[in-house]
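J.: Residue numbers (the numbering used here): 515 to 1055. Quick reminder that beta carbons are idealized off the backbone N, C-alpha and C, glycines included. As the structure is a computational prediction, the values presented were derived from the model and not from experiment.
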């Protein structure tokens, strides 16, 4: 029997590939004998197939596993084509936790086609990435017998290409004579003679020391290998535009996975629930407000798991079918916990750090009224421009983008009478549209909007800029020079490092980064008070 364990640490599946924990487990005597007996057998395509032999995974099973991804799955199947069909490289991209990797791997499980999967997240440098691909193609597993070494030590891109050719020719050359009699009982029968190389988390390569040379190599593999039996699939959270260069490689065919809609998330979370009606009533309370913050399944899932336990506290029998009266009782009991849970789960605590020191002043006069809130006076040891940026980020996350024109005018919004008159002339339809956008807006914003708000509000606050900012205007632009100076961008970077502002994905068309404010309204009020900025006039209620 041939050993089918691939020895790949980054594989997300346990049905075919050995996981890190199982690979480290002490093998039994029979397993050792099987491994020794199969070490001299050449690899076959059947050992690169995901799934058990005889397993049935139909197209309906595939489509039902991924709500909201029917079009993308059908597009991927169309590009893959019939078995043994040569194809151009494919580029699957979308935001974090949109099902890119799972969709691709489960599609290959349905087609029973051989593939090699390598993640640039776990393979964090070129050598580990190269050796991960080669280890799978050579069916090599790191273990004590071989000193936990790789099948081939590969340091340079040229060595990788040479070893890759060797491994591919070995598998394709031995397919006809060995696939039938040597395939493992655990492996499914390969459907076709194509081999697919899948590179996941491709955006990570850009941060590598030699990323500028590795990316062109991966994109040029199609032209370098010139093997119609080999296909390439790239998976990335960044759009294809961010990888464009003048290298002249064949442009991959893009497949975009948008963020899940609220209905998609409803279907995802209702799966595998013992009491679907009870969980549906829970989702009707929490899903909409949480979708304003994030639509990532990996963030929502642990949050909902804890909140559902809280939601079910008044229920003695979890198998009960909720009626209208029970739904109303659960709603009134749980509703006060939604807002605190949002702040508790997604708020990044603002503890004092080396970059931003916060000193709370106590004693007489330390608590004063500011608007409708009582806030303690805090002395924030950060530049004034950073405080304005923090306020700008909060307003960009809190307010709908459609209201920026009415909230901020050319005078920085100081003409409140004019602003109120314009707002009163808005039709009810426009107001409802703005309110709906506020409810559905996930709270992210581009840098351009952040800087536009920053420019408007700096002319309103009474706080003076720091001495080191003299000679610059409010945007950090030197007087008489139209180039954006780096000090404001450095302040933005510092706020991101302190987790006051976090990245919230990227635009699928432009690839530009979007940001999200993580600070609470109370903290922003304290910052605004320190620079005498009338924050309450600019918050959309």
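Give me, in chain order, the residues of the same chain whose beta-carbon lies closer than 6 Å to that of residue 809; leave out the 5 immediate sequence neighbours on both sides.
T.: 773 and 774
J.: Thinking just about the alpha-carbon of each residue, which of 642, 619, 610 and 718 is nearest to the one in residue 563?
T.: 619
J.: Does the Cβ of residue 584 have 16 or more other Cβ atoms within 10 Å, making it buried, or fewer, making it exposed?
T.: exposed
J.: Do residue 686 and residue 765 come within 8 Å of each other at the CB atom, strictly closer than that value?
T.: no
J.: Only counting the same chain, and skipping five residues up and downstream in sequence, which positions put a Cβ closer than 6 Å to that of residue 645?
T.: 664 and 668
J.: List the endpoints of the continuous alpha helix (DSSP H) containing residue 606.
T.: From DSSP, residue 606 is part of no alpha helix (DSSP H) but of the beta strand (DSSP E) over 604-608.
J.: Evaluate contact between the stretch 652-660 and the stretch 628-642, counting only Cβ atoms and requiring at least three cross-stretch pairs below 8 Å.
T.: no
J.: Pull up the distance between the alpha-carbon of residue 795 and that of residue 841, whole angstroms please.
T.: 7 Å
J.: Tell me the rounded alpha-carbon separation between residue 826 and residue 834.
T.: 11 Å
J.: Suppose only complete runs of 4+ residues qualify. What are the alpha helix (DSSP H) ranges in the stretch 717-787, listed by chain order?
T.: 725-739 and 776-784
J.: For residue 1045, count neighbouring C-beta atoms within 10 Å of its own C-beta (all shown protein chains included) and say buried if the count is 16 or more, exposed if not.
T.: Classification of residue 1045: buried, given that the 10 Å Cβ count is 16 or more.
J.: Please classify residue 982 as buried or exposed, where buried requires at least 16 other C-beta atoms within 10 Å of its C-beta.
T.: Caution applies to residue 982, whose pLDDT of 41 falls short of 50 and renders its modelled position unreliable; the value that the coordinates give is listed next. Its Cβ having fewer than 16 others within 10 Å, residue 982 is exposed.
J.: Please state if the CB of residue 914 and the CB of residue 852 are separated by a distance shorter than 8 Å.
T.: It is not a contact, given that the beta carbons lie outside the stated cut-off.
J.: Can you give the Cα-Cα distance for residue 781 and residue 793, rounded to whole angstroms?
T.: 11 Å
J.: Quickly, what does DSSP pair residue 621 with across the bridge? List them, please.
T.: The partner list for residue 621 (beta bridge, DSSP) is empty, contrary to what the question assumes.
J.: For residue 587 and residue 577, which I take to be in contact (beta-carbon distance under 8 Å), what is that distance rounded to the nearest angstrom?
T.: Under the criterion of beta carbons closer than 8 Å, residue 587 and residue 577 qualify as touching, at roughly 6 Å.
J.: For residue 711, report the span of its beta strand (DSSP E) as first-last.
T.: 709-714
J.: CB-CB under 6 Å to residue 733, same chain, minus the five flanking residues each way: which ones, in chain order?
T.: 763
J.: Using only alpha-carbon positions, find the residue among 1012, 921, 909 and 590 that is nearest to residue 961.
T.: 909
J.: Ordered along the chain, which non-local residues of its own chain (more than five positions away) have a Cβ less than 7 Å from that of residue 579?
T.: The beta carbon of residue 579 lies closer than 7 Å to those of 620 in the same chain, with the five residues before and after it left out.
J.: Terminal residues of the continuous alpha helix (DSSP H) containing residue 644?
T.: 640-651
J.: Looking at the structure shown, is residue 960 part of a helix, part of a strand, or coil, going by DSSP?
T.: strand
J.: I'd like to check one pair, residue 716 with residue 670: are the Cβ atoms closer than 8 Å?
T.: no
J.: As a quick exercise: from 594, 920, 906 and 965, pick the residue whose alpha carbon is nearest that of residue 1035.
T.: Ranking 594, 920, 906 and 965 by Cα distance to residue 1035 puts 906 first.
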